[in-house]
Every structure is written in structure tokens, then in C-alpha cells.
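Undergrad: Take 39 as the starting number for the sequence shown in my numbering and just add one per residue. Each residue gets a CB set at the ideal place from its N, CA and C atoms; glycine is no exception.
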Amino acid sequence: MDMQIGKLCQVSARVEESMLASAVGSGDVAVYATPSMIALMERAALQCVSEYLQDGETTVGAQMDVSHISAVPAGEEITATAEIIKSQGRKVLFKVFCEDANGIIGKGTHLRLVVNRERFEQRARDNHAH
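(1) Roughly how many angstroms lie between the CA atoms of C136 and A82, to the nearest whole one?
(2) Is the Cβ-Cβ distance between G144 and M57 less than 9 Å?
(3) Quick check: the segment 147-158 against the segment 123-138, are there 3 or more CB pairs under 8 Å?
(4) Would you kindly work out how many angstroms separate the C-alpha atoms of N140 and D40, rounded to a whole number?
(5) Please confirm whether H148 has its beta-carbon closer than 9 Å to some beta-carbon of chain C.
(6) Measuring only the C-alpha atoms, how far is I116 from M75?
Structure (C-alpha cells):
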């Protein structure tokens, strides 16, 4: 799997009520939630690796280390960027950041693992069979 180091992908979204900390339960304030920011960062990373995956393969998030720096209210446009900084075996490491019109609102690193979708889902079911 030869991934292009330095490849950048961006995903944008408008902050909606459903993305606020008060809506997702990660806080009680009406600002963009950290879990919502992380999900957008993961979407950017997914987009970055999609062209390198073979049939039946997907990636799963394994680690996210981010700082949430700035609060953003509903209605604002935000963009998450993921950059492939290292690829080793099935591990892909990204530099991620999220910004709005005023600048960076969050940044950090994100690790994804390339897996066979069917085997991964089956293993999860097997591990939780009662």
C-alpha cells in the first residue's frame, strides 16, 4: 500500500444545531462540539485514503489526539483538513486540523488502520456474542 505522504484532503460543513455540545451531550453550551469536530477530521482522513484501498478494505479510527482551541457557534462554516504524514503497513498517520473564518479551531494527529471490512465486523460480532 503506497500512500502519498503529504496528500491533503478537506471536508467542509456548516455548524448545525445537531453538532453543538448541548445536542451531542459532550457539554451544555451551544457551541460546536469536540466529538463533531473529531468526526469531521475523520471524514477528511477517510477521503484521503479511499483511493488506496482495495475491494473489501476500509479504515477504522484507532487513535485521535487533538486539542480543541476555539469555540464556534451554529451557522458558521468550518473545514477539516487531513494530511497523510506516515504510512507503515496497515497504519496510516495523519496531521489533522479544523478551521473557521477566524482561523484554527482544533488540531492534532489521527491514526487509522486499514482492515478488511467483513472480517472486522465479524470479529466485533464474535467478541460480543452472548
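TA: In short, the structure shows the following:
(1) If you number the sequence shown from 1, residue 136 lands on position 98. If you number the sequence shown from 1, residue 82 lands on position 44. Cα to Cα, the separation comes out at about 10 Å.
(2) Within the sequence shown, residue 144 is the residue found at index 106, counting from 1. Within the sequence shown, residue 57 is the residue found at index 19, counting from 1. Their beta carbons are not under 9 Å apart, which means G144 does not touch M57 by this criterion.
(3) yes
(4) Residue 140 sits at position 102 when you count from the first residue of the sequence shown. Residue 40 sits at position 2 when you count from the first residue of the sequence shown. Taking the straight line from one Cα to the other gives about 36 Å.
(5) Chain labels in this structure do not include chain C; a single protein chain is all it has.
(6) Start at 1 with the first residue of the sequence shown, and residue 116 comes out as number 78. Start at 1 with the first residue of the sequence shown, and residue 75 comes out as number 37. The alpha-carbon atoms of I116 and M75 are separated by roughly 9 Å.
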